[in-house]
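What follows is a set of notes on a single structure, which appears directly below.
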Amino acid sequence: MSNCVVHFLPAKAGDCFVVEFNNGECILIDCGYKDTYEIELKPLLIQLKHKGCRVILMLITHIDQDHIGGAIAFLSENGPANAPHIIEVENIWFNGFFNTLFMRDEFNERKRAAIGEMQTKRMNMVLGQLTMQIDGKAGLISAAHSRSFEELCAKNGYRLNAQFIDRVVKRIADSRNKLVDHSIQIGECKLIVLSPNEASLDRLAHKLNIEMIRNFGVDYELSEHMEFAALFERLMELQLEPGSFEEYISASEPRLERWIGTSTLAHMNEVNNASIVIEIEYKGLILLFTGDSDSDSWAEFLTDEYDMIKISHHGTTKPNLKLLEKAKGRTLLISTNGGKQNRHPENELLARAILTGNKIIYFNYDIKQKQELIDMQEEYGYSAMFGHREIRL
Numbered sequence: 001m002s003n004c005v006v007h008f009l010p011a012k013a014g015d016c017f018v019v020e021f022n023n024g025e026c027i028l029i030d031c032g033y034k035d036t037y038e039i040e041l042k043p044l045l046i047q048l049k050h051k052g053c054r055v056i057l058m059l060i061t062h063i064d065q066d067h068i069g070g071a072i073a074f075l076s077e078n079g080p081a082n083a084p085h086i087i088e089v090e091n092i093w094f095n096g097f098f099n100t101l102f103m104r105d106e107f108n109e110r111k112r113a114a115i116g117e118m119q120t121k122r123m124n125m126v127l128g129q130l131t132m133q134i135d136g137k138a139g140l141i142s143a144a145h146s147r148s149f150e151e152l153c154a155k156n157g158y159r160l161n162a163q164f165i166d167r168v169v170k171r172i173a174d175s176r177n178k179l180v181d182h183s184i185q186i187g188e189c190k191l192i193v194l195s196p197n198e199a200s201l202d203r204l205a206h207k208l209n210i211e212m213i214r215n216f217g218v219d220y221e222l223s224e225h226m227e228f229a230a231l232f233e234r235l236m237e238l239q240l241e242p243g244s245f246e247e248y249i250s251a252s253e254p255r256l257e258r259w260i261g262t263s264t265l266a267h268m269n270e271v272n273n274a275s276i277v278i279e280i281e282y283k284g285l286i287l288l289f290t291g292d293s294d295s296d297s298w299a300e301f302l303t304d305e306y307d308m309i310k311i312s313h314h315g316t317t318k319p320n321l322k323l324l325e326k327a328k329g330r331t332l333l334i335s336t337n338g339g340k341q342n343r344h345p346e347n348e349l350l351a352r353a354i355l356t357g358n359k360i361i362y363f364n365y366d367i368k369q370k371q372e373l374i375d376m377q378e379e380y381g382y383s384a385m386f387g388h389r390e391i392r393l
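If you count the sequence shown from 1, position 206 lands on 206 in full-length UniProt numbering, and the numbers rise without skipping.
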């Protein structure tokens, strides 16, 4: 019997994973979109509850529609932490506005007991517009739907970032050995946070400040009203994804080497680079979940080999370069349906992953390169697996 099963859920262009351990403990990592939760995640959580499982940690790596949308839907339905409607959730890790950015120097001088009427009206209008942009729906936005994930955690009594002194999930050491010494035990799992660091969070705060000035003027004010958490989440969800168009190379037969050099190596934005990156160790297994972060900022803290690596940002090349140079995974996961314009995963990422010696790659959709990857398996000595929902380790 395997020590754990990774439930690799179809989440369109997003991420949604449930790691189920053989002792009944589970870790939920990202929740995809709202319909990911309704169609895929909710039935699985109900099934796990019936098996006697519980979620010892729910991790939302960063604020992006394709990671947090389903999380808001889940907590809205799950209700109070001490009387959950779907499944018990013991801990949540999430870097939101109030617990992560509100106390930073950039925002201190703007704090007020209450903000002015003009900004309040403007905020309500902007929040409604942003929510409609994200949902693609016109009309009135319900209060429940516009609630932030951070507000739902507080309202329902969930333990948010309880393992961290300042209630911010971040890397707290500057070497691999020190990180191991500062690992966090939850249930039978040992967890190591590789990212974000303070610099990543500072850049996120700076980005938010720019967006607030753009929407409300240089003299905007802040208060402890929960609408600011919702505004922060909506503004960050709508940050433009980096462009990653590839040069198309025609060949009579597929060769991985021809794919090297085809990526534009687009950089990640501030929201993606503030993703929480964690190692999970359980009974000798080591799993790495990367969110959408660029491994430039944390590759030096990696160990050499993992039982499973979730490739960053749906198979974009740039954020995974240092990761693939430093570490190998016995199993790689690439989560994407191709996304907008069918850009993911990039050919160069696939080539680099295979040519650096990673032997098994799982995809949760039939990607555009499926047939080429199947055709090249024997020559390059790897296995490409498509549509597997349960990966046993």
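Cβ coordinates follow ideal geometry from the N, Cα and C atoms, glycine included.
Suppose you measure from the CA of residue i to the CA of residue j; what does that come to, to the nearest Å?
{"i": "G387", "j": "P10", "result": "8 Å"}
{"i": "C53", "j": "R159", "result": "18 Å"}
{"i": "E325", "j": "H50", "result": "42 Å"}
{"i": "E348", "j": "G261", "result": "7 Å"}
{"i": "L13", "j": "H67", "result": "Here residue 13 turns out to be Ala, not Leu, going by the sequence shown. Using only the alpha carbons, I get a separation of about 9 Å."}
{"i": "residue 442", "j": "V168", "result": "No answer is possible for residue 442: it lies beyond the span of the chain, which begins at 1 and ends at 393."}
{"i": "N273", "j": "N197", "result": "10 Å"}
{"i": "E40", "j": "C16", "result": "9 Å"}
{"i": "M264", "j": "D30", "result": "Here residue 264 turns out to be Thr, not Met, going by the sequence shown. About 27 Å."}
{"i": "L231", "j": "M123", "result": "8 Å"}
{"i": "E106", "j": "A205", "result": "7 Å"}
{"i": "I213", "j": "E221", "result": "10 Å"}
{"i": "L235", "j": "N95", "result": "15 Å"}
{"i": "E300", "j": "G128", "result": "42 Å"}
{"i": "F363", "j": "L45", "result": "22 Å"}
{"i": "D307", "j": "E279", "result": "11 Å"}
{"i": "T331", "j": "A199", "result": "31 Å"}
{"i": "K34", "j": "S148", "result": "13 Å"}
{"i": "Q185", "j": "G32", "result": "26 Å"}
{"i": "S250", "j": "E305", "result": "Reliability of the predicted coordinates at S250 is poor, the pLDDT of 44 falling under 50, and the value obtained from them is presented with this limitation in mind. The alpha-carbon atoms of S250 and E305 are separated by roughly 34 Å."}
{"i": "Q239", "j": "A83", "result": "36 Å"}
At what residues does the alpha helix (DSSP H) containing residue i begin and finish?
{"i": "I213", "result": "198-216"}
{"i": "I354", "result": "347-355"}
{"i": "K178", "result": "176-181"}
{"i": "R258", "result": "256-259"}
{"i": "K368", "result": "Counting along the chain, K368 falls outside any alpha helix (DSSP H), and DSSP gives it neither H nor E."}
{"i": "F149", "result": "149-155"}
For residue i, which option in the options has the closest C-alpha, if you only look at C-alpha atoms?
{"i": "E188", "options": "T336, A83, I27, I63", "result": "I27"}
{"i": "N161", "options": "I60, E38, K326", "result": "I60"}
{"i": "R389", "options": "L333, Y33, D375, G79", "result": "L333"}
{"i": "I367", "options": "D304, N272, K340", "result": "K340"}
{"i": "L256", "options": "D219, L45, M376", "result": "M376"}
{"i": "A351", "options": "C4, Y382, Y365", "result": "Y382"}
{"i": "H62", "options": "L45, I92, L44", "result": "I92"}
{"i": "R258", "options": "E372, D64, H182", "result": "E372"}
{"i": "D166", "options": "N156, R104, R112", "result": "R104"}
{"i": "N358", "options": "Y365, G338, Y380, K370", "result": "Y380"}
{"i": "I72", "options": "L101, L302, E150", "result": "E150"}
{"i": "E237", "options": "D64, Q369, F97, V6", "result": "D64"}
{"i": "K318", "options": "L302, A327, W298, D294", "result": "D294"}
{"i": "E38", "options": "N22, I56, L75, E25", "result": "L75"}
{"i": "S183", "options": "Y282, V19, K111", "result": "Y282"}
{"i": "N156", "options": "A266, L194, V89", "result": "V89"}
From the DSSP output, which residues share a beta bridge with residue i?
{"i": "S383", "result": "I360"}
{"i": "G32", "result": "Partner(s): none; G32 has no beta bridge."}
{"i": "M226", "result": "BP columns for M226 are empty, so no partner."}
{"i": "E25", "result": "R54"}
{"i": "Y282", "result": "L285"}
{"i": "R392", "result": "V5"}
{"i": "W93", "result": "L59"}
{"i": "M268", "result": "Answer is none; M268 lacks a bridge partner."}
Go ahead and pull the three-state DSSP assignment for residue i.
{"i": "S142", "result": "Legend: pLDDT at S142 = 40, less than 50; position of this residue unreliable, no value from coordinates given."}
{"i": "G79", "result": "coil"}
{"i": "L373", "result": "helix"}
{"i": "G329", "result": "strand"}
{"i": "E109", "result": "coil"}
{"i": "F98", "result": "helix"}
{"i": "Q185", "result": "strand"}
{"i": "V169", "result": "coil"}
{"i": "E20", "result": "strand"}
{"i": "R38", "result": "The identity of residue 38 in the sequence shown is Glu, whereas the question assumes Arg. Helix at E38."}
{"i": "E88", "result": "coil"}
{"i": "residue 418", "result": "Past the boundaries of the shown model lies residue 418; the chain is included only from 1 to 393, so the question cannot be answered."}
{"i": "E305", "result": "strand"}
Go to residue i, then tell me how far its beta strand (DSSP E) extends in each direction, as first and last residue.
{"i": "V193", "result": "189-195"}
{"i": "K310", "result": "308-310"}
I'd like to know if residue i contacts chain C, where contact means its C-beta is closer than 8 Å to some C-beta of that chain.
{"i": "E106", "result": "Given the protein chain composition of this structure (a single chain), no chain C is represented."}
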